[in-house]
Structure formats: structure tokens, C-alpha cells
Amino acid sequence: MSSESSASRDIHAEDALNVQLPTDKELVLKVIPMPADCNANGDIFGGWVMAQVDLAGSVVPARHVDGRMATVAVNQFIFKQPVRVGDILSFFSCVTRIGTTSITVQVEVYAERFRAQGRYIKVTEASLTYVAIDDFGKPRKIPKN
Numbered sequence: 000m001s002s003e004s005s006a007s008r009d010i011h012a013e014d015a016l017n018v019q020l021p022t023d024k025e026l027v028l029k030v031i032p033m034p035a036d037c038n039a040n041g042d043i044f045g046g047w048v049m050a051q052v053d054l055a056g057s058v059v060p061a062r063h064v065d066g067r068m069a070t071v072a073v074n075q076f077i078f079k080q081p082v083r084v085g086d087i088l089s090f091f092s093c094v095t096r097i098g099t100t101s102i103t104v105q106v107e108v109y110a111e112r113f114r115a116q117g118r119y120i121k122v123t124e125a126s127l128t129y130v131a132i133d134d135f136g137k138p139r140k141i142p143k144n
């Protein structure tokens with residue numbers, strides 16, 4: 000690889016680390032992935048990230064549902080950058096739609112790299128839908144606030 004293309008890649012990587020955190024979403028979770036969460040390539044398992052996004056995504060809808068709810072759809076899930084051991088992950092969420100029995104949320108995940116704390120890179124974004132359920136697991140209406 001030429002030094003010119005390597006330098007270009009480093010500039011793009013540096014630009015990616017200067018992302019501003021969203022102000023239109025709420026910080027709902029912070030977590031640090033550990034070595035046990037790694038895949039064979041040394042990156043964090045995508046499934047581990049997905050599980051954390053599901054947890055983070057459920058925080059805001061829980062305030063509206065007033066009871067049990069279940070994840071019914073992952074409408075979109077985009078891995079933008081790998082997650083590494085020691086990254087400090089910040090999960091931001093907001094409600095994008097409230098229906099009769101379901102709520103859709105947008106979740107964005109930002110990483111502070113272990114050696115670049117205070118600078119952020121967007122690693123994942125997702126849209127998930129949760130449904131309010133009764134004690135028998137059947138959909139129920141979401142109370143009007």
C-alpha cells in the first residue's frame with residue numbers, strides 16, 4: 000500500500016472520530032465490551048451488540064407501555080464500524096412512532112475508542128419495534144398519556 004493511500008485512510012479514520020453525539024435522542028445505556036464478547040477476528044460479536052441495542056431500545060418505550068412488552072421486529076440494523084474490546088459504547092434512543100399496541104424506536108450507538116476517549120465514532124444504528132403485551136403474551140393497547 001502506498002504511503003499516500005495509507006495517509007488518506009488515516010485522515011478518514013480521524014474524521015470518523017470527530018462525530019458529534021446526538022442532541023435529539025436520550026442517552027439510555029453505556030457499556031464496555033470485554034474479551035469474552037469477542038469473535039474469532041478479535042472484534043466484538045455482532046450478536047452481542049444486537050442484544051445491547053435491544054436493551055437500550057426498550058428503555059424509552061417502557062415509559063409509554065406501562066407494563067410488559069416484547070420486541071416484535073428489528074426493522075433495520077446497520078453495523079457501520081467494528082466494536083473493539085475496551086470501547087466505551089453510548090446508546091442513544093428516541094421514539095419514532097407510537098401505534099395502538101406498538102412503539103418503534105431508533106437507536107444509535109457511538110464508541111469512544113480505548114485510546115481516543117472524548118472523541119466518538121458512530122458504530123451502529125438500528126430501528127426496532129416493541130409491542131405492549133398482557134399477562135398472556137397477547138397484544139394490548141398502549142395507554143394514552
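For the sequence shown, position 98 matches number 97 in numbering that gives the first Met the number 0, and the numbering has no gaps at all. A virtual CB, placed ideally from N, CA and C, is assigned to each residue, including glycine. Note that this is a predicted model, so its numbers are computed, not measured.
Inset, instruction - Report yes if the CB atom of residue 119 is closer than 9 angstroms to the CB atom of residue 48, and no otherwise. - result: Position 120 of the sequence shown, counted from the first residue, corresponds to residue 119. Position 49 of the sequence shown, counted from the first residue, corresponds to residue 48. Result no, Cβ atoms of residue 119 and residue 48 do not sit closer than 9 angstroms.
Legend entry - Distance between residue 43 and residue 127 (C-alpha atoms, nearest Å): As a working note, residue 127 is residue 128 in the sequence shown. As a working note, residue 43 is residue 44 in the sequence shown. Residue 127 and residue 43 have their C-alpha atoms roughly 21 angstroms apart.
Inset, instruction - Use the C-beta contact count for residue 1: other C-beta atoms within 10 angstroms, 16 or more gives buried, fewer gives exposed. - result: For the purposes of this step, residue 1 is taken as the residue at position 2 of the sequence shown. Any reading at residue 1 is ruled out, since the residue's pLDDT is 45, under 50, leaving its predicted position unreliable.
Legend entry - As assigned by DSSP and simplified to three states, the class of residue 139: Start at 1 with the first residue of the sequence shown, and residue 139 comes out as number 140. Coil, per DSSP.
Legend entry - Start-to-end residues for the alpha helix (DSSP H) that takes in residue 54: By one-based count along the sequence shown, residue 54 stands at place 55. That run of the alpha helix (DSSP H) goes 45-64.
Inset, instruction - Report yes if the CB atom of residue 107 is closer than 9 angstroms to the CB atom of residue 59, and no otherwise. - result: By one-based count along the sequence shown, residue 107 stands at place 108. By one-based count along the sequence shown, residue 59 stands at place 60. No; because the gap between Cβ atoms is not below 9 angstroms, this pair is not in contact.
Inset, instruction - Would you mind stating whether residue 132 and residue 61 have Cβ atoms separated by less than 9 angstroms? - result: Start at 1 with the first residue of the sequence shown, and residue 132 comes out as number 133. Start at 1 with the first residue of the sequence shown, and residue 61 comes out as number 62. Their beta carbons are not under 9 angstroms apart, which means residue 132 does not touch residue 61 by this criterion.
Legend entry - Through-space distance from residue 32 to residue 45, alpha-carbon basis: Looking up residue 45 in the sequence shown gives position 46. Looking up residue 32 in the sequence shown gives position 33. So the alpha carbons of these two residues sit roughly 12 angstroms apart.
Inset, instruction - With a cut-off of 8 angstroms on the beta carbons, I'd call residue 56 and residue 92 a contact; round off their distance for me. - result: Mapped onto the sequence shown, residue 56 falls at position 57. Mapped onto the sequence shown, residue 92 falls at position 93. Correct: roughly 6 angstroms between the Cβ atoms.
Inset, instruction - Measure the Cβ-Cβ separation of residue 78 and residue 122 and say whether it is below 9 angstroms. - result: Start at 1 with the first residue of the sequence shown, and residue 78 comes out as number 79. Start at 1 with the first residue of the sequence shown, and residue 122 comes out as number 123. Contact flag set, yes.
Legend entry - DSSP-derived helix/strand/coil call for residue 115: Against the sequence shown, residue 115 aligns to sequence position 116. Coil.
Legend entry - Where residue 35 sits in the DSSP three-state scheme: Numbered from its first residue, the sequence shown carries residue 35 at position 36. In this structure, residue 35 counts as helix in the three-state DSSP scheme.
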